Structures are given as C-alpha cells and as structure tokens.
Amino acid sequence: MLLVVTASLILWGVSRRDSSGRYVRRCALLLLPLLGVCWAVSSYGFVAYWRLPFAWPLVCILMLTGMASLYFYLSGLALFLTPLWLTMPLASVHLNHGINLHFAAIWLIFTAIVIYGRRILLRWFDEAWARHQENRQLIARLETLTLQDPLTGLANRRALESHLASLHAVQVPLALIMVDVDFFKHYNDRYGHQAGDACLTKVAGLLATAVRTPEDLVARYGGEEFTLVLAHADAQQAAQVAERVRVRIEEAALPHAASAIGRFVSVSLGVAATDGRQTPQQTLAEADAALYRAKQAGRNRWSH
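Every number in my numbering is 53 more than the matching position in the sequence shown, counting from 1.
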C-alpha cells in the first residue's frame, strides 16, 4: 500500500511539471523513512519471529542493489537506512538479551556494504561521466573537422552544401557570391605553396570581416575559390557585399608580383540571387557563370 501511495504521489508531482523538483524532494524526505520502517519491520520479523537471521543480510543486499539511485542522495539514503540499522541491535536484544558477536558482525558487514558500495558507485559514476564528457568532446571535434576547412578554419564544401540544402528545404531567398583569387597559380609559382597557404588564410579572414553578419556563411569551395552565402539577401545587397569584399582585398595590399593586372592580390567575384525555389546546384552554376564573366572582363571586379 505504501509503495502504491509513493508511486502515485511521485507521478502526480511529475505531472505538475515542477521544474525545481521541490515537490518530489519533499515527498522523498517524507516517504523514505516510512519505506525504511516497512523494511525494518519485515527484517525484524525474519530475525526475531521466524528465526531466519541469515535472511536479513540477504534481503538487505538485494534491497541495496535496487536502491542504487539513492547512493547519490546522501540525506535520503540516511533516512531510508536508519530504521534498518536500528533493526539489527533491537533483534539481537530481543533474542539474546544483548548484542552478541554474531549479530554485531552482520551489522558491521551491512554498514560496510553501504559505505563502500556507495563510495565505489560514486567513483564509477565519476569515471563514467568523465569518459562521457571526453567522448562528447571527441565527437564534437570530429564533427567540426568534417565541416571545417583545416587551412583557413572556414566552413568546407560539405558544410556549404549542407547549409544550402537546409535553406532550400524551407525556400529561403538567398544570394551567393563566388570568389576567386586572381592568378593564384602564378602566386604559388612565384612565392611557394607555403606562402600561398598563408595568402589564402589572410584572404579568408578578410572575407569573414566583409559579410553582413556572423550568420552569413563563408566557405572555402576548393583551391583558391570561396563562396559566401547571404540568407534573405537580394541581388542588390549581394552586390554591395561583393564590392566590399573586393575593396577589402585590394586595401590589404598583399604583394603579388606575378599578377598580370597589378602588384597586389585581387579577387574576381560572381553574384547570383534566388527566391529560394531554385536548387542549390542551379544557383551555384549561375554564380560560377557570373564569376567567369568577371574574369573575362578583366578580373578584380564582380559580375552578376
């Protein structure tokens, strides 16, 4: 009956959605001693009336395995176990008119099981939690690596395609800007690939500062090509961002002695906008075609 009442009160408390959990804790503080008394009376009957002293420690061990959750709630554990701890000496006095060594040994074993069992369980829990946290950090790191370009730290092509697919799924209007570093092959031939990597990293940083908000995605599309995704942007807004990117790169004055159009690094840009109904592949193709037109027109410019 007590178990039924306990379960009913706890379920009622959960149904109230008490986010602080105060109701459940109060019920626990009230009911745990009562449950402990029920177990203590049963154990006392095993020892004192049915003459089954060995059944008591067995019942206690079985009971302790089922109350592992209380090991983390020290006050609740103490309230529940206090009646059981008192049962053993009372039963010994009832049977032997005193506490003999046999009953004292059983009482000490029971106490040791509780103390060391709780300590071991807490240690296992701490180790399991630490391992869980390490695994979560490892998984997060792996997920980041799969979506991040290792050189520039920008989103990679996989992240770009995933982002475009999610926007297309809800038909979000957007603009795409494809960016290509002019004569980058000549840059690598002149300065070396390590310098080329450093140049791409600097360009990536400039692109990240030229977008409207942090919500605009800047991704490395491949090689010396980058892509900017501007959600909820039209062609005019995209053109403003494209010009800002071009000017930022130009003002950075990164030396490029092998360029055919100047002494510094420059970029060409292709702009495409969609109302959200076009597929990402179609919008990318339009931006790529616009980029080609910008190159054909002399580079260091944007086109749509």
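Each residue gets a CB set at the ideal place from its N, CA and C atoms; glycine is no exception. Note that the structure is a prediction, hence the values are computed from the model and not measured.
| request: Tell me where the beta strand (DSSP E) around residue 230 begins and ends. | output: Element bounds for residue 230: 227-234.
| task | Under the assumption that residue 255 contacts residue 305 (Cβ atoms under 8 Å), give the Cβ distance between them as a whole number of angstroms. | result | The beta-carbon separation of residue 255 and residue 305, rounded to 7 Å, stays under the 8 Å limit for a contact.
| said: Taking the alpha helix (DSSP H) that residue 292 belongs to, which residues open and close that run? | reply: For residue 292, the enclosing alpha helix (DSSP H) starts and ends at 288-305.
| query | What residue range is occupied by the uninterrupted alpha helix (DSSP H) comprising residue 327? | reply | For residue 327, there is no enclosing alpha helix (DSSP H); the residue is found in the beta strand (DSSP E) stretching over 320-327.
| task | With DSSP as the reference, please indicate the residues paired to residue 278 in a beta bridge. | result | DSSP, once it has assigned bridges, lists 233, 275 as partnering residue 278.
| query | Counting Cβ pairs, one atom from each stretch, are 3 or more of them under 8 Å apart for the segment 135-143 and the segment 86-100? | reply | As far as the Cβ criterion goes, the segment 135-143 touches the segment 86-100, which means the pair count is three or higher.
| field | For residue 270, the three-state DSSP class (helix, strand or coil) | value | The answer is strand: DSSP assigns residue 270 an E or B state.
| query | Of the choices 128, 230, 264, whose alpha-carbon is the least far from that of residue 79? | reply | With distances taken between CA atoms, residue 79 lies nearest to 128 out of 128, 230, 264.
| Beta carbon of residue 294 nearer than 8 Å to that of residue 264 | In contact: residue 294 and residue 264 (Cβ atoms closer than 8 Å).
| task | Tell me where the alpha helix (DSSP H) around residue 215 begins and ends. | result | Looking at the DSSP string, the run of the alpha helix (DSSP H) that includes residue 215 is 210-222.
| Does the separation of the CB atoms of residue 329 and residue 343 fall below 8 Å? | No, the Cβ-Cβ distance between residue 329 and residue 343 is not below 8 Å.
| message | Going by C-alpha to C-alpha distance, which of 241, 229, 87 sits closest to residue 310? | response | Taking only the C-alpha atoms, the option nearest residue 310 is 241.
| So residue 316 is in the alpha helix (DSSP H); what residue range does that whole segment cover? | Careful: residue 316 lies outside any alpha helix (DSSP H) and carries neither H nor E.
| said: Quick check: the segment 209-221 against the segment 331-341, are at least 3 beta-carbon pairs closer than 8 Å? | reply: The segment 331-341, when compared against the segment 209-221, does touch it at the 8 Å Cβ threshold.
| query | Helix, strand or coil: which one does DSSP assign to residue 349? | reply | Reduced to three states, the DSSP call for residue 349 is helix.
| Reference residue 278, options 233, 307, 171, 195, closest by Cα | For the residues 233, 307, 171, 195, the minimum Cα distance to residue 278 belongs to 233.
| said: Using C-beta distances below 8 Å, list every residue in its chain close to residue 302, excluding the 5 sequence neighbours before and after it, in chain order. | reply: Short of 8 Å from the beta carbon of residue 302, and not among the five residues preceding or following it, lie these beta carbons of its own chain, in chain order: 256, 259, 318, 319, 320.
| request: Measure how close the beta-carbons of residue 296 and residue 284 come, nearest whole angstrom, since I'm counting them as under 8 Å. | output: Incorrect: roughly 19 Å between the Cβ atoms, too far for contact.
| residue 228 to residue 204 span [Cα, whole Å] | Between the C-alpha atoms of residue 228 and residue 204 there is a straight-line separation of about 25 Å.
| query | With distances taken from CA atoms, which of 236, 331, 243 is nearest residue 349? | reply | The residue with the shortest Cα to Cα distance from residue 349 is 236.
| said: Less than 8 Å between the beta carbons of residue 273 and residue 220, yes or no? | reply: No, the Cβ-Cβ distance between residue 273 and residue 220 is not below 8 Å.
| Mapping DSSP to helix, strand and coil, what is residue 85? | Here residue 85 carries a helix assignment [DSSP, helix/strand/coil].
| request: Determine the extent of the alpha helix (DSSP H) in which residue 250 is found, giving its start and end residues. | output: Where residue 250 is concerned, the enclosing alpha helix (DSSP H) stretches over 246-263.
| C-alpha gap between residue 225 and residue 218, whole angstroms | Going from the Cα of residue 225 to the Cα of residue 218 covers about 10 Å.
| task | Using the DSSP secondary-structure output, state which residues sit across from residue 308 in a beta bridge. | result | Under DSSP, residue 308 shares a beta bridge with 317.
| field | Rounded straight-line distance, which links the Cα of residue 357 to that of residue 190 | value | Rounded to the nearest angstrom, the two C-alpha atoms are 43 Å apart.
| request: Report the partner residues of residue 283 according to the DSSP bridge assignment. | output: In DSSP, residue 283 forms a bridge with 228.
| request: Measuring alpha carbon to alpha carbon, tell me which of 253, 275, 231 ends up nearest residue 354. | output: For residue 354, the closest C-alpha among the options 253, 275, 231 is that of 231.
| said: If contacts are defined as beta-carbon pairs under 8 Å, then residue 201 and residue 209 qualify, I think. What distance do you get, rounded to the angstrom? | reply: Indeed, because the Cβ distance is near 6 Å, the residues count as touching under 8 Å.
| query | Who does residue 201 pair with in a DSSP beta bridge? | reply | Residue pairing of residue 201 in beta bridges, as defined by DSSP: 208.
| query | Using the beta-carbon count (16 or more within 10 Å), is residue 178 buried or exposed? | reply | Counting every other CB atom within 10 Å of its CB across the protein chains shown gives residue 178 a total below 16, marking it as exposed.
| field | Pairwise C-alpha distance: residue 86 and residue 146 | value | Each residue's Cα considered, the two are about 23 Å apart.
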